[in-house]
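Asker: Quick one: the structure is below, and I'll ask about it shortly.
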Amino acid sequence: MVDIAEDGRTWLLSGPASSYALHLTDADELLHLHWGPRIAIEDAEALARDPLPGYWPFESPLDGREEYPVEGGPRFVRPALSVRTEERRGTEWRFGSYATQGDNELHLRFDDDGITITLHYRMRGDVVERWVTVENGGHARVELLRADAATWTLPDRDGWRLSQLHGRWAAESRLTTAPLTYGEKVIGSRRGHTGHQHLPWVALDTDATEEHGEVYGCALGWSGSWRMAVAQLPDARVQITGGAGYDDSGLLLLQPGESYTTPVFAGLWSEGGFGGASRTWHAYQRAYVVPDAERDRPVLFNSWEATNFDISEEQQLALARRAAGIGVELFVVDDGWFGARTSDRAGLGDWTPNPDRFPQGLKSLADQVHGLGMQFGIWVEPEMVNPDSELYRAHPDWVQYQPGRRRTELRNQLVLNLAREDVQHYLWDQLDTLLSSAPIDYVKWDFNRCFTDAGWPGEAYPQRLWVDHVRALYALLDRLRAAHPGVAFESCSGGGGRIDLGVLTRTDQVWTSDNTDPLDRLAIQHGFSQLHPARVMAAWVTDSPNTQLNGRVSPLRFRFVSAMAGVLGIGGDLTEWSAEELAEARRWVDLYKEIRPVVQHGELYRLRPPAGGLSAVQYLRGAEIVVLAWLQAQSHGESAPALRLRGLDPAASYECRETGEVHRGAVLLHHGLRTGLKGDLDATVLRLRRI
Ligand code: DGJ
């Protein structure tokens, strides 16, 4: 809901539990007033009456108070907007008008000598979505050096702490929290994709715990290079500025009449601690971001760890028969099915089935997989090309490169220049043909290297390639989804290198990490769950000892319960599993299907973080509760501590399906539930129902 004060210069946006307010001074300074608990318009008006302190030669009263600090004038904080025209650099805007849309959107328009800047706000539940449009209304050229999606201003508090999700390949999404000190902390990616190093998310608090206290969170919806700067200003204020692009070397050139719309930067305030903030993020993504989020995601099998590049129709069928036997619902053929792709040295770019491996094309295998009662999925990596490919031999200029420089190969591949229209046409044609050639239900879309030589010879403003690549990717995904509405898409980038709110508006789930070790995964999943819901978090059960990473031996039970915390998949070589293992796997898959609605659509409570001993999560949906618990190692013969459940009705009783015991809600909340876990790498699933 949007409230507007009588003078038309104070605006208040409210969700069920929070409000966000801003005010325009008589000098057209747009000030941030409030972000926190729900307030009334009269409260916002009272805040607006608080005058700005006076100007000093060394301090600006605007710093730390503006909604969207532009470059130019008495400002010393990081500018969210930096613009250059023929005549000058910087912005000095005048307020134009405001407009509301529906009951939850507000748009504020400013003008600066032919450049129009519109700030957009939209409440979605308690999540505030912000983005900005910059339009060149009259200049011969407007160079956008920087155009962030938003600047968020936090209230004066002592002792801010910053939480972030950091990592690298096979170790993504690890949560770390540290005191914020004066100056700026900058995170982002200058790699062309979201990156394994940081999820585009931060959270700030002063004294929050998992279930109590104030938490502010911000997350960016962009799948290319990005930057977020968290600044502790000289007073007790914090500002977070973020958007597409890493450096200030130039984002886009706007010709007369052209405009640029930033990605959405979403933010929330919660007083329910980190758990409350996560649940608000999850509900937001299920309701507004992820397509068809109300649908259950199927249990999948993926061939990568089982067969690597060495694949054939017969061998995939052997796996498919076993997969069907244990209850898998979607069979995905990973890398190696196309072109001359017998290793990572060749074939990327040639999206037709390898005739030696699939003499009858993909349709034959897809039909047989359907015949086994499963959906059929396929792996692609459309944005890349191997120099050893028909595509590269025909179009060596279709890649990103700098004239006269070496073309850096990573994993023996180069990045296609998706900003080029001919490349866009080629990819559309190849992928549309592929999806029309066989009954394909699922596409795993991979991206396995960073940008290194992002040049575009002949193009007047090659910097646009960074933004236009992502726009082209989004357009391609949107067009494929529209043309093939039955096909679901997974975002993958060497594991979790492309996970963000932008890609999630057009993909059904994401590959969380190439690290499928079930113990490491608990930490990765713990971090991932700060922002994203289980409904999009793909997790596989793979072989033991772990073949990809560390050789760790772990029981099937532990591997399954770890992967059941998200969208369950199987990635082991099922042809090597014993009859007992297959029978056990079948039982776990059956159990997962039973608890799936609660896991994929329920509210998540992180009961204990993965920190060496017992860790656990709880999902709650209506009267149903599912607890997944893992014991890494039992020490000194001590029994694992009881798990205090969350979100229950203290006056109700709950029956545990596993033990048949009936527990009082008040007892489960205050004293907890015993898991009976023992030894090393033990795990369990406990189902409870309110009776
Ligand atoms: C990286 C992905 O993360 C893996 O799951 C697999 O698809 C390989 N690429 C295939 O090359």
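Just so you know, we're using our numbering here: the sequence shown kicks off at 796 and counts up by one.
Think of the CB as a built atom: it goes at the ideal place given N, C-alpha and C, for glycine as much as any other residue.
(1) Is W1146 close to the ligand DGJ? I mean its beta-carbon at under 8 Å from any heavy atom of the ligand.
(2) Assuming V1262 and L1049 are in contact, meaning their beta carbons sit under 8 Å apart, how far apart are those beta carbons, in whole angstroms?
(3) For a test of your reading of the model: does the CB of W1306 fall under 8 Å from any non-hydrogen atom of the ligand DGJ? Yes or no.
(4) Ignore the nearest five residues each way along the sequence and tell me which others in L903's own chain have a CB closer than 6 Å to its CB.
(5) Under 8 Å Cβ to Cβ from R1140, same chain only, skipping five residues before and after it: list those, please.
(6) Within 8 Å: the Cβ of W1132 and any heavy atom of the ligand DGJ?
(7) Based on Cα-Cα distance, which residue from D1030, N1341, Q1080 lies nearest to V923?
(8) Which residues does DSSP pair with K1239 in a beta bridge?
(9) Going by DSSP, name the residue or residues bridged to K980.
(10) Hey, would you say E1267 sits closer than 9 Å to V1218, going by beta carbons?
(11) Since V1210 and R1244 are thought to touch, with beta carbons under 8 Å apart, how far apart are those beta carbons, to the nearest angstrom?
(12) Whole angstroms are fine: how far does the CA of C1451 sit from the CA of L1481?
(13) Between D1312 and R1347, how many whole angstroms is the CB-CB distance? I'm expecting something under 8 Å.
(14) From P832, D908, T1300, pick the residue whose C-alpha is nearest to that of R936; which is it?
(15) Specify, as a first and last residue, the run of the alpha helix (DSSP H) that P974 falls within.
(16) Could you round the C-beta distance between L949 and L999 to whole angstroms and report it? I think they count as a contact, below 8 Å.
(17) Is D742 near the ligand DGJ, going by C-beta to nearest heavy atom under 8 Å?
(18) Which residue marks the beginning of the beta strand (DSSP E) containing A1334, and which one marks its end?
(19) Measuring only from the beta carbon, is E1176 closer than 8 Å to any heavy atom that is part of the ligand DGJ?
(20) Mind checking if A843 is an interface residue toward chain D, Cβ cutoff 9 Å exclusive?
(21) Please state the DSSP three-state secondary structure of R1313.
(22) Which full runs of the beta strand (DSSP E) of 3+ residues lie inside the stretch 893-933, going along the chain?
(23) Quick check on Y1196: buried or exposed, where buried means 16 or more other Cβ atoms within 10 Å of its Cβ?
(24) Given a cut-off of 9 Å on the beta-carbon distance, is the pair E1066 and G1008 in contact?
(25) Report the start-end ranges of each alpha helix (DSSP H) in the stretch 1372-1458 that is 4 residues or longer and not cut off at the edges.
(26) Using CA coordinates, which residue listed in E900, T1247, S1448 is at the minimum distance from R985?
(27) Which one of V1194, F890, E1176 has the shortest CA to CA distance from T805?
(28) Quick check on this structure: which residue in W1076, G1037, W1064 has the alpha carbon closest to the alpha carbon of T1057?
(29) Just to confirm the assignment: which complete alpha helix (DSSP H) runs, minimum length 4, are found wholly within the stretch 821-888?
(30) Starting from the Cα of W1132, find the closest Cα among R1116, R919, Q1110 and give me that residue.
(31) So, are the CB atoms of H988 and R963 less than 9 Å apart?
(32) Taking the C-alpha atoms as reference points, what is the distance between Q885 and P864?
(33) Which residue spans inside the stretch 1133-1178 form an unbroken alpha helix (DSSP H) run of at least 4?
(34) Quick test of your reading: R1401 and E1005, contact by CB under 8 Å. State the CB separation rounded to the nearest angstrom.
(35) Please report the distance separating the alpha-carbon of D838 from that of L826.
(36) Is S1357 helix, strand or coil by DSSP?
Answerer: Reading from the atomic positions:
(1) Not so, every heavy atom of the ligand DGJ lies at least 8 Å from the Cβ.
(2) At roughly 12 Å, the Cβ-Cβ gap does not stay under 8 Å, so V1262 and L1049 are not in contact.
(3) yes
(4) Y893, L914
(5) N1181, D1183, N1207
(6) no
(7) Of D1030, N1341, Q1080, the residue nearest in Cα terms is Q1080.
(8) W1174, E1285
(9) V1025
(10) The sequence as given places Ala at residue 1267; Glu does not occur at that position. Yes, they are a contact pair.
(11) 7 Å
(12) 7 Å
(13) Cβ atoms of D1312 and R1347 come within 8 Å of each other, at about 5 Å.
(14) Nearest of P832, D908, T1300 to R936, Cα basis: D908.
(15) Run containing P974: none in the alpha helix (DSSP H); it sits in the beta strand (DSSP E), 969-974.
(16) 6 Å
(17) The requested residue 742 is not part of the displayed model; the chain covers only 796 to 1486.
(18) 1332-1336
(19) The beta carbon of E1176 sits closer than 8 Å to at least one heavy atom of the ligand DGJ.
(20) Of the protein chains in this structure there is only one, and it is not chain D.
(21) Checking the sequence, you will find Pro at residue 1313 rather than Arg. P1313: helix per DSSP, three-state reduction.
(22) Complete beta strand (DSSP E) runs here, min 3: 900-907, 910-919, 922-931.
(23) Y1196 should be labelled buried.
(24) yes
(25) The stretch 1372-1458 contains these whole alpha helix (DSSP H) runs: 1374-1396.
(26) T1247
(27) F890
(28) Looking at the Cα atoms, G1037 is the closest of the given residues.
(29) The stretch 821-888 contains these whole alpha helix (DSSP H) runs: 836-843.
(30) Looking only at R1116, R919, Q1110, the smallest Cα-Cα distance to W1132 is reached by Q1110.
(31) no
(32) The question names Gln, yet the displayed sequence has Gly at residue 885. Approximately 11 Å, taken between the alpha carbons.
(33) 1156-1166
(34) 6 Å
(35) One C-alpha to the other measures close to 15 Å.
(36) helix
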